[in-house]
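Below: the structure, in structure tokens.
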Amino acid sequence: MNFFLTIVLDGLIQASWLFIVALGLTLVFGVLKILNIAHGSFYALGAYIAASTVTLVAARGLPPGVGFVAMLLSVALIASAVGLLLERGLLKMFYGRDEVVLLLVTYAVFLILEDVTKLIWGVNPIYATQPYELFGNLEFAGLYYVGYDLVLIPISALIGFAIWFGLNRTVIGKIVLAVIHNEEMSVSMGVRVNQVYAIAFAFGVLLAALAGALTAPKISMQPGLSSDVIILSFAIVVIGGLGSVEGAAVGAILVGLARAASVHLMPQAELFMIYLIMAAVLMFRPEGLFKRETARRI
Amino acid sequence: MDRLRRTNRAVLFASVAVTSLGLAVPASAQETFKLGIVTFLSGPAADSFGVPARNGAQFVIDQLNKGSVPSPYEKVGFGGIKIEPVIIDENGGATKQVQELRNLYQRDNVDVVLGYISSGDCLAVAPIAEELKKMLLLMDCGTPRIFEEAKYNYVFRTAAHATMDNVGLVRYMKAKNIKMDTLSAINQDYAWGQDSRADFVAAAQQLYPNVKVQTDLLPKYGAGQYGTEISALVGAGSDVVYSSLWGGDLQAFVLQSAPRGLPKRSQLVFSAADHVLPPLGDKMPDGTIIGARGAYGLMSQKSPLNDWLFRGYEAANGVYPVQAAYRMTQAILGLKAAVEKAMSKNGGKKPSTDEMVAAMTGLEWPSPGGLIQMKLADGHQAIQPIAISRTKYNPDLKRVDLVDIQYFAAECVNPPPGVKSIDWIKGGMQGAKCN
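Chains R and E, in that order, are what the protein sequence lines are. The opening position of the first sequence corresponds to residue 4 in my numbering, with each subsequent residue numbered one higher. The opening position of the second sequence corresponds to residue 15 in my numbering, with each subsequent residue numbered one higher.
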């Protein structure tokens with residue numbers, strides 16, 4: 004039983020940060036229909052900004068709690084600004100073009116941001132662990148867990164719920180859903196689609212960066228961070244169904260649990276397991292587990 | 015007419031004299047030795063290995079060009095020829111490195127290429143140098159497979175491979191009576207991690223015949239997060255947890271495993287960890303058994319050559335040298351020894367590739383980390399002594415000190431010529447000379 008609980012807990016910890024990243028990716032795809040390759044770079048950007056903020060706060064002798072709040076605020080602020088700037092300054096010029104063009108544009112942004120992070124933070128691994136000790140250690144299923152890792156699970160669930168609630172139960176969310184379902188009709192009804200696009204993209208960037216920030220205290224930030232994340236988050240949204248919040252949640256949990264079970268039971272198959280799940284899902288549901296219902300146009 | 019003929023004859027004699035003089039004259043001051051240096055300047059391995067190696071190369075080449083290196087390396091440059099380095103980034107994968115190596119030889123016209131930290135890159139570039147008939151010195155990379163699965167004439171490795179690290183660790187543990195009834199391992203899923211793991215487990219099974227391998231993990235290179243792996247390792251509760259993780263991966267593993275009590279439950283044993291001691295500081299658990307892939311850094315032994323490197327590097331870079339700086343230094347000094355040996359046989363000219371290859375084969379030379387001997391793979395693969403120790407944080411100096419150091423002779427921890435590493439270990443490490 005303890006062994007089973009360990010797998011579940013390890014899987015959920017892994018799923019928690021993956022879900023936040025995948026949520027941003029799926030939101031951007033749902034609204035803007037862009038497969039955003041640069042998404043992993045925003046995750047890395049968030050992680051680096053968080054590390055810098057935490058280091059700055061710690062250098063002033065302030066407690067780790069202040070560092071934790073400051074890192075979330077600074078990342079939210081900078082990531083939103085970067086998201087808006089990119090959407091308004093670059094992406095909007097390519098709307099209406101072939102999807103492949105937008106894919107290439109986001110790939111270019113990915114390459115540029117890789118170099119920008121190197122330029123600003125250098126190539127050496129950096130870390131800022133102070134917030135990692137914030138919630139102490141807890142014993143569970145006979146093992147010690149870092150409280151910070153466990154706290155990520157409810158934080159992630161809260162963010163997921165907020166996005167779901169915002170989309171499905173608020174007026175703004177319904178406007179966004181209207182744009183997702185039928186852009187032309189939304190325009191004719193007076194919806195400012197451009198604003199919806201800008202806000203959705205900025206939100207997507209914010210979510211990726213927030214996941215980076217929340218992960219930053221427990222990892223060592225180094226070049227290459229972004230490419231690993233983008234592969235995992237793509238796998239999750241493909242499993243869950245592109246554009247689906249529920250799909251991202253289920254996809255993240257499946258990937259997290261599969262990885263944890265594999266490490267505990269069959270370590271050699273760990274890398275293969277994620278792709279096995281993806282292949283198995285796509286075989287039976289080619290559009291992912293949560294295919295979005297689309298109204299047929301006459 | 016006679017005068018004209020005499021003048022012509024004089025000019026001809028003078029020309030012949032000057033030409034023949036030119037052939038016999040030692041290498042001119044203007045001539046340089048173009049040395050291609052390949053090391054990670056970006057990417058995950060840059061901080062831990064690539065940049066210290068680059069800093070080591072710059073320090074040593076600068077010192078050699080000034081003639082400021084202690085005996086027996088006091089001669090300027092390589093036999094009086096100034097060294098002109100061409101430094102390129104190893105980051106980007108094996109395919110890119112193959113192309114870059116061709117560029118170095120064919121476009122930049124370097125005389126020798128020296129470098130490579132990644133085992134994957136070493137395996138990829140060695141056949142290319144052989145195909146081009148150009149001299150290549152591998153200065154690091156751990157996998158024993160390079161010379162055990164192929165034969166090269168133009169390729170050398172001037173440092174010992176990973177077998178030494180793992181045999182040294184197990185011998186140290188045995189000497190210090192470390193209990194190892196059960197063993198778990200976590201290594202990266204590529205050549206270095208897999209080969210290190212195989213050597214350590216095989217050596218452990220020789221010196222601890224009853225050892226039982228429990229959790230055996232191979233996460234991918236650059237995984238960064240090890241929460242699940244740490245659960246599995248803590249859950250296994252083995253006497254020893256062995257790892258060949260390095261760089262940012264090792265840092266992340268230590269940072270994540272310490273609060274979860276892994277160092278308290280198991281004896282941590284890391285084969286290549288000295289380079290993460292400066293950045294980790296007090297986060298590195300006391301009592302961890304570590305290797306540095308040689309008698310390097312804080313484990314190095316006192317000698318004029320070592321004092322020169324340690325103090326000079328520290329003064330130039332603000333941090334003491336670790337394994338990569340030492341390995342780069344021993345490679346450059348080895349090449350200098352080979353070039354000068356070749357020059358002593360050809361009348362002092364800049365030697366050809368074949369002359370350098372002949373001189374380097376089976377060569378021995380002193381380095382800051384001890385005597386390097388090209389004893390394996392028909393004189394193409396080095397063996398060297400190693401040191402193993404335990405960590406202890408020093409709050410006064412705010413750095414991790416290395417205590418309880420033990421040194422092992424090269425022939426105690428390296429296989430003898432003609433025997434494959436894994437066969438040597440599994441055969442009971444016959445012929446080892448451990449004093």
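Here a beta-carbon is modelled for each residue, glycine too, at the ideal position from N, C-alpha and C.
Report the rounded CA-to-CA distance for residue i versus residue j, giving the unit in angstroms.
i: G241 (chain E); j: I242 (chain R); result: 23 Å
i: L89 (chain R); j: Q198 (chain R); result: 13 Å
i: G445 (chain E); j: A238 (chain R); result: 52 Å
i: A287 (chain E); j: Y235 (chain E); result: 16 Å
i: I419 (chain E); j: R404 (chain E); result: 7 Å
i: Y130 (chain R); j: S258 (chain E); result: 21 Å
i: V169 (chain E); j: P380 (chain E); result: 20 Å
i: L55 (chain E); j: S229 (chain R); result: 18 Å
i: T109 (chain E); j: L65 (chain R); result: 48 Å
i: V39 (chain E); j: G362 (chain E); result: Only weak support exists for where V39 (chain E) lies, its pLDDT of 46 falling under 50; the value from the coordinates is given anyway. Those two C-alpha atoms are separated by around 7 Å.
i: T196 (chain E); j: Q219 (chain E); result: 11 Å
i: V57 (chain R); j: V119 (chain R); result: 20 Å
i: A250 (chain E); j: Q228 (chain E); result: 7 Å
i: A396 (chain E); j: S236 (chain R); result: 44 Å
i: A263 (chain R); j: G150 (chain R); result: 18 Å
i: F113 (chain R); j: M224 (chain R); result: 17 Å
i: F324 (chain E); j: P273 (chain E); result: 34 Å
i: A329 (chain E); j: F73 (chain E); result: 10 Å
With 7 Å as the threshold, decide whether the Cβ of residue i is near any Cβ in chain R.
i: E162 (chain E); result: no
i: L128 (chain E); result: no
i: A246 (chain E); result: yes
i: R274 (chain E); result: yes
i: Q72 (chain E); result: no
i: G251 (chain E); result: no
i: A205 (chain E); result: no
i: G262 (chain E); result: yes
When DSSP builds the beta bridges, which residues end up paired with residue i?
i: I200 (chain E); result: E:L231 and E:S257
i: G384 (chain E); result: E:S381
i: Y407 (chain E); result: E:V414
i: D103 (chain E); result: E:T53
i: Y147 (chain R); result: R:E142
i: A396 (chain E); result: E:M388
i: A401 (chain E); result: E:Y421
i: L128 (chain E); result: E:I51 and E:L151
i: L114 (chain R); result: DSSP, once it has assigned bridges, lists no residue as partnering L114 (chain R).
i: A286 (chain E); result: E:A306
i: F170 (chain E); result: E:L151
i: Q271 (chain R); result: Q271 (chain R) pairs with nothing; no bridge assigned.
Closer than 7 Å, CB to CB, is residue i near chain E or not?
i: L28 (chain R); result: no
i: Y147 (chain R); result: yes
i: Q225 (chain R); result: yes
i: P157 (chain R); result: no
i: D101 (chain R); result: no
Taking 6 Å as the limit between beta carbons, can you name the residues of its chain near residue i, skipping five residues before and five after?
i: G301 (chain E); result: R404
i: E354 (chain E); result: G93
i: P66 (chain E); result: V336, A338 and A339
i: F214 (chain E); result: N180 and Y256
i: P136 (chain E); result: Strictly speaking, residue 136 (chain E) in this sequence is Cys, with Pro absent from that position. Counting only Cβ-Cβ distances below 6 Å, and skipping sequence neighbours, we find Y130, L152, C155 and I160.
For residue i, report the span of its beta strand (DSSP E) as first-last.
i: L2 (chain E); result: The structure shown does not extend to residue 2 (chain E), since chain E is modelled only from 15 through 449, so no value can be given for it.
i: G305 (chain E); result: I303 to G305
i: V190 (chain R); result: Where V190 (chain R) is concerned, there is no enclosing beta strand (DSSP E), although the alpha helix (DSSP H) it sits in stretches over E186 to S191.
i: F63 (chain E); result: Looking at the DSSP string, F63 (chain E) is not in any beta strand (DSSP E), and its letter there is neither H nor E.
In chain order, what residues of the same chain have a beta carbon less than 7 Å from the beta carbon of residue i, not counting five sequence neighbours either side?
i: S166 (chain E); result: Per the sequence shown, residue 166 (chain E) should be read as Tyr rather than Ser. Cβ neighbours of Y166 (chain E) beyond the five flanking positions: A140, E144 and H394.
i: D125 (chain E); result: F47, K48 and L49
i: A351 (chain E); result: L377 and W379
i: V78 (chain R); result: G49, I52, A53, A212, L213 and A216
i: E290 (chain R); result: G244
How far does the alpha helix (DSSP H) with residue i in it reach, from first residue to last?
i: V353 (chain E); result: Q337 to K359
i: Y327 (chain E); result: P318 to N331
i: D209 (chain E); result: A205 to L221
i: Q120 (chain E); result: A108 to Q120
i: V31 (chain R); result: N5 to L35
i: V248 (chain R); result: V248 to L268
Which chain C residues sit within Cβ distance under 8 Å of residue i?
i: Y110 (chain R); result: Annotation note: the requested chain C is absent from the structure, which comprises protein chains R and E.
Report yes if the C-beta of residue i is less than 6 Å from at least one heavy atom of the ligand MG; otherwise report no.
i: A219 (chain R); result: Of ligands this structure carries none, so the ligand MG is not represented either.
Excluding sequence positions up to five away, which residues of its chain have a Cβ less than 8 Å from the Cβ of residue i?
i: L78 (chain E); result: Y87, V90, G91, F92, I97, I346 and K350
i: K226 (chain E); result: D195, T196 and L197
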